[in-house]
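Take a look at the structure set out below.
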Amino acid sequence: MSTTREALPPLEEGFVRHERKRGWSALGLRELWMYRELLYFLTWRTILVRYKQAVIGVAWAALNPLLTMVIFTVVFNIVLGVKSPSSQVPYPVFSYSGLLPWNFFAGALALSGMSLVGNANLLTKVYFPRLVIPISAVLAGLVDFGISFLVLLGLMAAYGIAPTWHMVFLPVFVALAFVTALAVSLWLSALNVLYRDVQYVIPFLVQLWMFVSPVIYPISKIPAGPLRTAFVLNPMTGVIGGFRWALLGQQFPGGYVWISLAVVGVLFITGLFYFKRMESVFADVV
Amino acid sequence: MSDVALRTIGLGKMYHIGSEREKDRTLRDTMVQAAKRPFERIRHPGAATHVSEELWALRNVDLEVRHGEVLGIIGRNGAGKSTLLKVASHITEPTEGCVDVRGRVGSLLEVGTGFHPELTGRENIYLNGAILGMARADIRRRFDDIVDFSETGRFLDTPVKRYSSGMYVRLAFAVAAHLEPEILLVDEVLSVGDAAFQEKCLSRMDAVGAGGRTVVFISHNMAAVRRLCSRVVLLDGGRVTADGSPGEIVALYLKSAARAAAVREWTLLDGPGDAHCRLLRLELTQDGRRLEGQADSSRPLGVSLAFHVECPSRKLQVGFGLLTADGLSLFQSFHTDLATKNPTEPGDYEVRCQMPANLLNKGSYVVSPMVALYFTQWVVRHDADAELRFAVNLDHPTSPMWYSPREGALAPALCWELGPWRQLAVSIPSTGLSRRDDALT
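Chains A and B, in that order, are what the protein sequence lines are.
In terms of the working numbering, the first sequence opens at residue 1 and continues consecutively.
In terms of the working numbering, the second sequence opens at residue 1001 and continues consecutively.
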């Protein structure tokens, strides 16, 4: 650092140079694409390992949101009197449709936050674009998401709720949920390499974050004004609102989807660059 | 066009040491630091923020590896060998200088990287292959070869956590052995498995080298280095100190590596080992006294090892390996060879044994301390910094006809008998071995 460097000779034809990067580096998306098979295998490993030696295996992916929904219905709907905003949609379906993206998001944070540290042996022994690791952790959550989604379809059928044409927009909101989860994961996983405090913060963060996201209650319950604006800055507000619109035909979340989009965009881009910036020291610090 | 495959120019890698916090740093520390020096962390994200010492693991390394060359890198622990491979394989970035590479690089710093215990052998082959950079189609094509090589075919659909440690490393090495990059960087991974499997691994490496691929190979196994490499580089203190033919450089290294002395002592801070066993002293004795000068071959030679135990383990095995001066392993022995007593309380302990008289030949030998947890892991092994070298003066059987050293790494005096043909007694007297009547009748 204090040493003065002589200028390095020019790179010969056909060679690739590896030297100390200074400042903000390029994202290396092309290289990421070259390593897509590794991404596939790491995702596959996470999914495979998750339910090995569990007696009812993947059924947990369905049971978890179902049981949560039952508890929410008893506590918030029956005891505390929180209502679904629309008379056609009973509270269980309403809360489940919020839990669907929420559980995906929370699961992705828990898994990816620990992903770099948990794969320390890979980081120190093999080269590959480090972005593969948090991306695969978030991707792995899509399987659970798919199973929970099937349960929701069953639930809607049971309550006689027909899907509307809005359903065609669901992939857009799944993508938004994915990018949101990835954006936060990039920050958390990279920070966790440098500061192990992050691993203690994540469960706490996820818990608090759920209460400020409209999972249990509709966004209309929040009084309009500065408080509503603050809630809307939470990108999950837009994601959950979008899901309910696409799945249950509820009122379009309107303006706040755009705000969510903007917030996610900023989080994602800064997360990517922060991650790339820290990437070079992962192997030395982890 | 030059035929260089890999070139380092003024390569240097610096680590910060002396800061306990470097590994598990906490936000609080950083915030305190940030308050003092607001922009420090942003400018130097990798740097430890504590007062710390700079350690150059590599400095000013200029190396050229030509296409098709098998380059061996040798040196003591901490000489920078592994760091060099890590930098060359892009795992960590150099602090100064650069590495230029032409061709696809595959690195093998450890066998079984990314193996998951819950997954089956088959699943792990695909996963590990992908991690090492093989395409799925390649793995599928070579799948049967990998399984054959590993000799684990029957257990392909068993989770690897149920494998014996031998099967596990065989499978892991088999995947690695089928990696086909243009430039292969290998760190000490050949020392896995039993002797037969090691031979198979060496043959495989031979074939890789003969196949015209570029290989950079780190090892403490001088026999392997001499067999596989076409050129050897000696690293010391992060610099290249010698570069030349395998025979020449290996001899140079061995001369400098093991210290000719009768005792080596360490403190709890710098002793080789871990919490299960940290060596404090290695000593050679003869006739109850510390060895002075040469050892006499006609008298037993004592080896004593003192160590500190922090976490007692029933599996602990403390012992040593005896090597010839040029690195050929003669034998190994552990304190659990004939008994299995082990400390159950933390504390300082000592084990000692005697090498029998009339065994060693004239020449130089190396005692290399070895500590293991039975079937679990090595604690100390191949640590050139912990070895002792001693010379032997051949004075056993004083037969007038035997005045020059015999051929061979050892010169044991065996017990012979003479008698009329077919009239020797059935039992073999005075060897200490048990009777083998069945073999003689």
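Every residue, glycine too, gets a C-beta built ideally from N, C-alpha and C.
Provide the residue span of the beta strand (DSSP E) that contains residue i, from first to last.
i: F252(A); result: Note, F252(A): premise wrong, no beta strand (DSSP E); not H, not E.
i: G1133(B); result: Looking at the DSSP string, G1133(B) is not in any beta strand (DSSP E), and its letter there is neither H nor E.
i: R1381(B); result: Counting along the chain, R1381(B) falls outside any beta strand (DSSP E), and DSSP gives it neither H nor E.
i: V1105(B); result: V1105 to L1108
i: L1097(B); result: Before going on, a small fix: residue 1097(B) reads as Gly here, not Leu. G1097(B) -> beta strand (DSSP E) spans E1096 to V1101.
i: F231(A); result: First-last for F231(A): P226 to V232, but that is the alpha helix (DSSP H), not the beta strand (DSSP E).
i: R17(A); result: V16 to E19
Kindly indicate which three-state DSSP category residue i falls into: helix, strand or coil?
i: W1266(B); result: coil
i: H166(A); result: helix
i: L1063(B); result: strand
i: F1390(B); result: strand
i: E37(A); result: helix
i: K1362(B); result: coil
i: F1334(B); result: strand
i: C1201(B); result: helix
i: L1184(B); result: strand
i: E279(A); result: helix
i: S1297(B); result: coil
i: S84(A); result: coil
i: E1053(B); result: strand
i: K52(A); result: coil
i: T3(A); result: Its pLDDT being 44, under 50, T3(A) is placed unreliably in this model, and the value from its coordinates should be taken loosely. Reduced to three states, the DSSP call for T3(A) is coil.
i: D1157(B); result: coil
i: F1217(B); result: strand
i: T1092(B); result: coil
i: D1148(B); result: helix
i: E1283(B); result: strand
i: A1005(B); result: strand
Could you tell me if residue i is buried or exposed, where buried requires 16 or more neighbouring beta carbons within 10 angstroms of its beta carbon?
i: N1077(B); result: exposed
i: K1086(B); result: buried
i: Y159(A); result: exposed
i: Y1349(B); result: buried
i: L1388(B); result: buried
i: K1081(B); result: buried
i: R50(A); result: buried
i: A1177(B); result: buried
i: Q1377(B); result: exposed
i: I78(A); result: exposed
i: E1053(B); result: exposed
i: V266(A); result: exposed
i: P1356(B); result: exposed
i: K125(A); result: buried
Specify, as a first and last residue, the run of the alpha helix (DSSP H) that residue i falls within.
i: Q199(A); result: D197 to F211
i: Y1355(B); result: Sequence inspection shows Met at residue 1355(B); the Tyr mentioned does not correspond to that position. Where M1355(B) is concerned, there is no enclosing alpha helix (DSSP H), although the beta strand (DSSP E) it sits in stretches over G1347 to M1355.
i: T1241(B); result: That residue, T1241(B), is in no alpha helix (DSSP H); its beta strand (DSSP E) goes R1239 to G1244.
i: D1236(B); result: First-last for D1236(B): R1231 to D1236, but that is the beta strand (DSSP E), not the alpha helix (DSSP H).
i: F145(A); result: V132 to A158
Relative to the alpha-carbon of residue i, which residue among the options has its alpha-carbon at the smallest distance?
i: P1346(B); options: F1375(B), E1283(B), C1277(B) and G1114(B); result: C1277(B)
i: T180(A); options: A108(A), L248(A) and F149(A); result: A108(A)
i: H1335(B); options: P1312(B), L1305(B) and S1329(B); result: L1305(B)
i: G1166(B); options: E1151(B), A1177(B), H1178(B) and A1261(B); result: E1151(B)
i: I1074(B); options: G1408(B), A1384(B), P1420(B) and N1358(B); result: A1384(B)
i: V973(B); options: M1134(B), K1200(B), L1109(B) and L1280(B); result: This structure leaves residue 973(B) out entirely; chain B is present only between 1001 and 1441.
i: L1179(B); options: D1138(B), A1386(B) and E1199(B); result: D1138(B)
i: G81(A); options: F231(A), I216(A), G255(A) and F252(A); result: I216(A)
i: E12(A); options: L1322(B), L1084(B) and R1102(B); result: R1102(B)
i: D1100(B); options: G118(A), R244(A), H18(A) and I47(A); result: H18(A)
i: K1362(B); options: V1380(B), R1406(B), L1373(B) and R1162(B); result: R1406(B)
i: L240(A); options: W209(A), F15(A), L194(A) and V58(A); result: It should be noted that the sequence gives Ile, not Leu, for residue 240(A). The candidate whose alpha carbon is nearest that of I240(A) is W209(A).
i: L1011(B); options: T1113(B), Y1168(B) and E1096(B); result: E1096(B)
i: A246(A); options: P171(A), L261(A), A140(A) and F211(A); result: P171(A)
Self-check item: Near-chain C residues of the segment 6-17 of chain A (beta-carbon distance less than 9 Å), N- to C-terminal order
Solution: Of the protein chains in the structure, A and B, none is chain C.
Exercise. Pair every Cβ in the segment 1063-1071 of chain B with every Cβ in the segment 1001-1012 of chain B, then say whether three or more of these pairs are closer than 8 Å.
Key: yes
Quiz item: Are three or more beta carbon pairs between the segment 1151-1158 of chain B and the segment 1109-1129 of chain B nearer than 8 Å?
Solution: yes
Exercise. Flag this pair as touching only if the segment 107-116 of chain A and the segment 124-136 of chain A have three or more C-beta atom pairs under 8 Å; answer yes or no.
Key: yes
Quiz item: So, do the segment 96-106 of chain A and the segment 138-156 of chain A have three or more beta carbon pairs nearer to each other than 8 Å?
Solution: yes
Quiz item: Do the segment 1282-1302 of chain B and the segment 1382-1393 of chain B make contact, defined as three or more Cβ pairs closer than 8 Å?
Solution: yes
Quiz prompt | Segment contact, 8 Å Cβ cut-off, at least three pairs: the segment 1242-1252 of chain B with the segment 1081-1100 of chain B | solution = no
Self-check item: the segment 66-75 of chain A contacting the segment 1167-1185 of chain B, beta-carbon criterion three pairs below 8 Å
Solution: no
Exercise. Evaluate contact between the segment 181-200 of chain A and the segment 58-72 of chain A, counting only Cβ atoms and requiring at least three cross-stretch pairs below 8 Å.
Key: no
Quiz item: Per the contact definition of three or more C-beta pairs closer than 8 Å, is the segment 1237-1247 of chain B in contact with the segment 1350-1359 of chain B?
Solution: no
Quiz prompt | contact_flag[the segment 1413-1424 of chain B, the segment 1305-1318 of chain B] where n(CB pairs < 8 Å) is 3 or more | solution = no
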